[in-house]
Structure formats: structure tokens, C-alpha cells
Amino acid sequence: MELLLISKVNESQLFILNALTNTLVSHFKKKKSSISLILISNKKVEDNFLFLEKKYLEVKYIKKLKQLKQINKDKYDYLISIENSLLGLIISAIVNSKIKVSFKRLFGYFVFNKIISQKKTARHNFLDLIDVSNLLKHIFSCSIEIIPKYHLENPIVIKNHEMIHWIFNTNYSVDLVNTDYVLMDIEFGNFQKSNHIKMISNLCDHLINNFKLKIIFISNQVEEFEVIMNLSKKLTSENIIHSKQNLKDTINYFPLLKNSILIITNKFKIIHFLELINKANYEIRGEWKLSKLFYPVSYFKNYSKKTISEINYMIKNL
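If you want the working numbering, it's the position in the sequence shown, counting the first as 1, plus 79.
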């Protein structure tokens, strides 16, 4: 049994790829089978807690049309695409496979034999574990619980995680395992920036005063962080830490996410991954009301109260 998977390399996709791969390996363990992989990326993915290259017979990285010549002429029994890019669609059309499977996508019916219905929510249109379950049920008549496997025993993963713990223990005197902290991953735009910064400052004050928590603030916006610190005398280097770690590389900084009691962010892209790993999170996402434009002070004051109230409730129920 020869299978080919096609995926992107963002955190959410690697999570779904992990779940699908491990389930396929388990399902076909009594049969002679192999799984190859094409990743839509121009950068190699290092081994991490979700992805080990040795799990696959072959891994190819394709990001440009001129790289399509890398695709071999092998014939597969199944091609399963969990991404939705135009390049992925072209690759799927070129590959020789008896059965080609994907989820609903533009022009998908021209390429794939099987189109799987996808769970959709009002918040996003990303793949979820229920989608992997539906795929296995419809294609392989396989009804088993989908459980991703974290590769935490891998030496490279262990070394990376130890390094993250060492950095925070050495530079900030924070034991990630034994410290109660909230992780803030906030990005400030230019629109109503001063009101937004004041709102975050008030939130930090509240968390420290009422829950005695440390705050690890993720941002490369140094000036904005300094303004937050200057807005309150209660914020000190002892209770709020400005870490310039780049959480665009969320996979490598997994220990920082895992050991926080709550993640507060205004970055929509990270929310789906946090939901997949069942990590408590709160998204700061204000509504676009006219009052935000014409009465920004009152808008942010009311929105700040709403945010603090909702985060209060979450922390008390963790």
C-alpha cells in the first residue's frame, strides 16, 4: 500500500498531518505499506514535537512551479491532500494515484476522486480532528479515535525544550514549570495605538493585582512595551517580562505555550493551533463599531471592562 500526503507547514497543518500519519500507520500496520510526503514549503522542517521526517519514506519540499519536475513517476494507491493551495492542486493533478482525496476546495472536483465534507465554524475554516476522522471513515472505513502523538522523546525535541527552559530560567529567573504566568502575544497596529496600549496596560495591572500572576509579554515592539511599563507603577521587571522570542515559530517555543495558564493574543492565526492542542486562550478582537472611530476613549474603556471580565471568568475556571 503506497500513500502520498500533501500538506503545508504551519503549526495547525503539522498537527493535522501528525494525527493523520499516526492513524494511517496504526491502521495499516499489518500490511506492507509506506507513506511519502510533499510539503508546500521552500524551507525544510526540522524535527519537532509534531513532525519527524523519518516517519515518511520520502519527503519533498515544493514551493514553486519550476520544482514540479521533482515529482517522480511512481504510482500511489492513495493521494491525500490536507492543504488547499493552487500549487497543491496542480501537484495533485500531476501525481499518478488510483484514488485522490481532499476536502472541499475550489476546482477540487476536477482533480480528486473523493471530496470529504469539512466541519466549519463561524470563526474559521481550518481542518480539525473531526475532519481527519471523517476522512478515514469514508475512505478506509476506519472508525477509531484520532489521537496525535507528540514526539517529546526525540533527542532534538528534548534539547530544544531544555534550551527554552534554560533561557527563561537564566535570563528572567522564571521556572516555566513551577511559575504561574500568563503569556501575552500582542501586536499593536497604528490605528488607535495609544488607546490599545492603555487597554493592555490596564489588563496587566488587573492580572497582577488580582491573581498575583507573572506576565510574559511576547513582542518585538520595544517602544510600545516601554509605554505599557511607564503607564503604571505597579508593573515591574519582577512581575512582567518582555521576552522577544518570535512566536511565529510556535512549534519550537511549545514549552512556553504549554506551561502558561492562559494565552492572551490578538493574532487570529495562532488561535486555531491553540484550540487544537487544547490550550486555554483568549483572543482580543474588538468589533468594528462607529464608536471605535468617533468615540475611541469610551469604546476602549468599555471594551477593556468586557475583556477583563471575560478573562477573570476564564482564570477562575481553569
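Here a beta-carbon is modelled for each residue, glycine too, at the ideal position from N, C-alpha and C.
Note to self: Per the DSSP calculation, PHE296 is bridged to which residue(s)?
What the structure shows: MET263 and HIS321
Next item on the list: Determine the closest residue to ASN248 out of ILE195, SER388 and ILE295, with distance taken between C-alpha atoms.
Entry: ILE295
Margin query: Am I right that ASN360 and THR344 are in contact with their C-beta atoms under 8 angstroms? What's the rounded C-beta distance?
Written below: 7 angstroms
Checklist line | Residues of its chain near ILE340, where Cβ-Cβ distance is below 8 angstroms and the 5 sequence neighbours each way are ignored | finding: ASP259, TYR260, VAL261, LEU292, ALA359, ILE394 and LEU397
Notebook entry, point to check: Sorted by chain position, which residues of the same chain lie with C-beta nearer than 6 angstroms to LYS371's C-beta, five sequence neighbours on each side aside?
Noted result: TYR378
Notebook entry, point to check: Can you tell me the Cα-Cα spacing of ILE276 and TRP367, whole angstroms?
Noted result: 18 angstroms
Notebook entry, point to check: Around the Cβ of GLY167, are there at least 16 other Cβ atoms within 10 angstroms (buried) or fewer (exposed)?
Noted result: buried
Next item on the list: Report yes if the C-beta distance between LEU255 and PRO334 is below 7 angstroms; otherwise report no.
Entry: yes
Next item on the list: Verify the CB distance criterion: does PHE373 have a CB-CB separation below 7 angstroms to chain B?
Entry: The structure shown contains no chain B, having only a single protein chain.
Checklist line | Nearest residue (CA-CA) to LYS134, options LYS142, ASP156, ILE117 and SER388 | finding: ILE117
Next item on the list: Assuming MET263 contacts ILE237 (C-beta within less than 8 angstroms), just tell me the rounded distance between them.
Entry: Their Cβ separation, rounded to whole angstroms, is 27 angstroms, which puts MET263 and ILE237 out of contact at 8 angstroms.
Check: Quick one: Cα of ASN127 to Cα of HIS240, how far?
Finding: 10 angstroms
Checklist line | Sequence-distant residues of its chain with Cβ nearer than 8 angstroms to LEU131 (five each side left out) | finding: HIS230 and ASN233
Item checked: Residue closest to VAL124, alpha-carbon to alpha-carbon, out of LYS143, ASP210 and ASP328 -> ASP328
Check: Are there 16 or more other CB atoms within 10 angstroms of the CB of VAL376, so buried, or fewer, so exposed?
Finding: exposed
Check: HIS244 to GLN324, Cα distance in whole Å?
Finding: 13 angstroms
Next item on the list: From the DSSP output, in three-state form, read off ILE225 for me.
Entry: coil
Item checked: Anticipated Cβ contact below 8 angstroms, SER176 with TYR188, distance rounded -> Wrong, their Cβ atoms sit about 16 angstroms apart, outside the cutoff.
Check: Looking at the unbroken beta strand (DSSP E) that takes in ASN360, where does it start and where does it end?
Finding: 360-362
Item checked: From LEU310, LYS87 and ILE342, residue whose alpha carbon lies closest to that of LYS122 -> LYS87
Notebook entry, point to check: What separation, rounded to the nearest whole angstrom, lies between the Cα atoms of LYS110 and LYS143?
Noted result: 35 angstroms
Item checked: Closest by C-alpha distance to PHE267, when choosing among LYS148, SER252, LYS145 and ARG364 -> ARG364
Next item on the list: With a threshold of 16 other CB atoms inside 10 Å of the CB of TYR382, please say whether the residue is buried or exposed.
Entry: buried
Checklist line | In chain order, each alpha helix (DSSP H) run of at least 4 residues that lies wholly inside the segment 138-179 | finding: 165-173
Next item on the list: Compare the Cα-Cα distances from HIS217 to each of PHE186, PHE182 and ASP207 and report the closest residue.
Entry: PHE182
Next item on the list: Verify the contact flag: ILE295, CB atom, against every heavy atom of the ligand SAH, threshold strictly below 6 angstroms.
Entry: In the structure shown, the ligand SAH is absent, as is every other ligand, since no ligand is present at all.
Check: Skipping 5 residues on each side, what residues in its chain have a beta carbon closer than 6 angstroms to that of ASN192?
Finding: ILE178 and LYS179
Next item on the list: Check whether the Cβ atoms of PHE219 and HIS351 sit closer than 7 angstroms, and answer yes or no.
Entry: no
Margin query: Pull the bridge partners of SER252 from the DSSP assignment, please.
Written below: Paired residues: none, contrary to the question.
Item checked: Distance CB(HIS285)-CB(ILE387) smaller than 7 angstroms -> yes
Check: Whose CA, out of TYR332, PHE290, CYS283 and ILE330, lies closest to the CA of ASN309?
Finding: CYS283
Item checked: Local conformation of LEU353 per DSSP, three classes -> helix
Notebook entry, point to check: CB LYS228 to CB ASN101, shorter than 7 angstroms?
Noted result: yes
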